[in-house]
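Below is one structure, written out as structure tokens; the observations come after it.
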Amino acid sequence: MSFGTGSTSLAWKVGGRLSVRALLFDARVLMRHPHERARKEQSKPAAPIIEPDVLRADTISSMLISQLRDHCRQQGLSNVGDRDELVGRLTDFLAKAAVTVEATASAGAASPRDKYADKLRSRGAAQLLHHGRDADAGGPLLMTEFGRVEKEREKAVRRHSESERRAQVDTGGYAFQPGAKDLLHYLDMRGMLRLLLPSDDDDDAARMEAQAASLAESLQVPPFATSLDPAAAARARRGEAEALGEVAEALDLTPGSVMVVSDHSTVVAAARRARMLSCYVAKPIEGRPRRLPADFCVDELSLTRGCIEECNGATFRDGNTEIISRYVGGD
Numbered sequence: 001m002s003f004g005t006g007s008t009s010l011a012w013k014v015g016g017r018l019s020v021r022a023l024l025f026d027a028r029v030l031m032r033h034p035h036e037r038a039r040k041e042q043s044k045p046a047a048p049i050i051e052p053d054v055l056r057a058d059t060i061s062s063m064l065i066s067q068l069r070d071h072c073r074q075q076g077l078s079n080v081g082d083r084d085e086l087v088g089r090l091t092d093f094l095a096k097a098a099v100t101v102e103a104t105a106s107a108g109a110a111s112p113r114d115k116y117a118d119k120l121r122s123r124g125a126a127q128l129l130h131h132g133r134d135a136d137a138g139g140p141l142l143m144t145e146f147g148r149v150e151k152e153r154e155k156a157v158r159r160h161s162e163s164e165r166r167a168q169v170d171t172g173g174y175a176f177q178p179g180a181k182d183l184l185h186y187l188d189m190r191g192m193l194r195l196l197l198p199s200d201d202d203d204d205a206a207r208m209e210a211q212a213a214s215l216a217e218s219l220q221v222p223p224f225a226t227s228l229d230p231a232a233a234a235r236a237r238r239g240e241a242e243a244l245g246e247v248a249e250a251l252d253l254t255p256g257s258v259m260v261v262s263d264h265s266t267v268v269a270a271a272r273r274a275r276m277l278s279c280y281v282a283k284p285i286e287g288r289p290r291r292l293p294a295d296f297c298v299d300e301l302s303l304t305r306g307c308i309e310e311c312n313g314a315t316f317r318d319g320n321t322e323i324i325s326r327y328v329g330g331d
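For the sequence shown, counting from 1, position 143 maps to 143 in UniProt numbering; every step adds exactly one.
See below:
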């Protein structure tokens, strides 16, 4: 299949051997519905962390001698001696460590800025401190040059993040499902055709073709291989299987090598009657069924990839596979 640059991707040649060679997407399934509920993230309780070898005063006496030797080695202590000597050595170490921690806490730990300032003074660079003032004189430990560079760096990071955010904002006015772009890119990488069942909001062929081009443009993927004309789209949405079968026939594909992805029961039923594979995406909308008679039922569009891999198997290729378009690869 040719792309905008006139080149042909190696992935499309490899895709000829797949069981599922094309996916027909309902345009509605790619976008969020205004009444979709926010999905609740199910938080699983964290499993308790079991650390039997943690060095504590109440566990030293129950440790094996091999564990005692390991802890002595880790703390830089001698691991030579019998069990009593090792226990006594570790007990003294913990007691001294506790005293050190308590003294540090009572004195107040030095901040990283204070430590850095002390290092500058020890190396004869006290003039880099703000106006040369020292900590003993109560002056602030602000390095003029260091602070200026940090501010410039923060400004550059903000400018970069803002430009990235603007580049990723969809200017076409669409609210796509999470993972829609990644899924379409995955299909391109595996050499599978992408077909579009446009929405029935308009019956003008030119405007529906423009909608298909706009969707691809907003998702930053190559154009869809084909988009159903208004009459065929209306028939498919009424549940007429012949409309879908004609699409497969026009592309010289068997019905079983095409998977229809939709969130509407009539389109899924039409795909089944056309003997195509069907994938029902259950959007979190009040009153929508969670499951339908279909080959695959998923809760999110991004999970369609797993359905594809059940038919075609997993791939060892990744996103670096050669896909030539004006968005990826090419000139």
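Using N, Cα and C, we set each Cβ at its ideal position, and we do this for glycine too.
Let me confirm a value: Leu195 is counted as buried when at least 16 other C-beta atoms fall within 10 Å, else exposed. Which label applies? Result: buried.
So, under 8 Å CB-CB, Val260 and Ser278 are touching, yes? Tell me the CB distance rounded to an integer number of Å. 5 Å
If residue 357 sits next to Ala216, beta carbons under 8 Å apart, how far is it from one beta carbon to the other, in whole angstroms? Nothing in the structure corresponds to residue 357, since the chain is present only between 1 and 331.
Determine the contact status of Ser227 and Pro198, defining contact as a CB-CB distance below 8 Å. It is a contact, given that the beta carbons lie within the stated cut-off.
Candidates His264, Leu253 and Glu310: closest to Arg291 by CA position: His264
Secondary structure of Tyr186, DSSP reduced to three states: helix
Three-state secondary structure (DSSP) of Arg17: Correct three-state label for Arg17: helix.
What do you get for Arg17, buried or exposed, if any count of 16 or more other CB atoms within 10 angstroms of its CB means buried? exposed
Applying the 10 Å Cβ sphere with the 16-neighbour rule, what's the burial state of Arg28? buried
Report, in whole angstroms, the separation of the C-beta atoms of Arg288 and Ala294, which I expect to be a contact under 8 Å. Rounded, the Cβ-Cβ distance is 14 Å, inconsistent with contact.
Alpha-carbon to alpha-carbon, Leu64 and Arg190: 55 Å
How far does the alpha helix (DSSP H) with Ala27 in it extend, from its first residue to its last? Ala27 to Leu30
Cβ atoms of Leu183 and Leu86: under 8 Å apart, would you say? no
Starting from the Cα of Ala97, find the closest Cα among Ala57, Lys119, Ser62 and Asp70 and give me that residue. Ala57
Local Cβ density within 10 Å of Ser19, reported as buried at 16 or more and exposed below that: exposed
Reduced DSSP category for Val169 - H, G, I as helix; E, B as strand; rest coil: Low per-residue confidence applies at Val169: pLDDT is 49, beneath 50, and the placement is therefore not dependable enough to give any value.
CB contact flag (Lys181, Leu219, <8 Å): yes
Under a Cβ-count criterion, where at least 16 other Cβ atoms within 10 Å of its own Cβ denotes burial, should Arg83 be classed as buried or exposed? exposed
In three-state DSSP terms, what is Thr254? coil
Since Arg237 is in the beta strand (DSSP E), which residue starts that stretch and which ends it? Run containing Arg237: none in the beta strand (DSSP E); it sits in the alpha helix (DSSP H), Pro230 to Arg237.
Are the beta-carbon atoms belonging to Leu244 and Leu193 less than 8 Å from one another? no
Can you tell me which of Leu94, Asp204, Leu187 and Tyr174 puts its alpha carbon nearest to the alpha carbon of His33? Tyr174
Give the C-beta separation of Ala269 and Gly239 to the nearest angstrom, bearing in mind that I take them to be a contact with Cβ-Cβ under 8 Å. 6 Å
Local conformation of Met276 per DSSP, three classes: coil
Going by other Cβ atoms of all chains shown within 10 Å of its Cβ, with 16 needed for buried, is Arg237 buried or exposed? buried
Leaving out five residues before and five after Ala225 in sequence, what residues of the same chain have Cβ atoms less than 8 Å from its Cβ? Met1, Ala22, Leu193, Arg194, Leu195 and Leu251
State the DSSP-derived secondary structure class of Met63, mapped to helix, strand or coil. coil
What is the residue span of the beta strand (DSSP E) that Leu193 lies within? Leu193 to Leu197
Under 8 Å between C-beta atoms of Asp204 and Ala234: no
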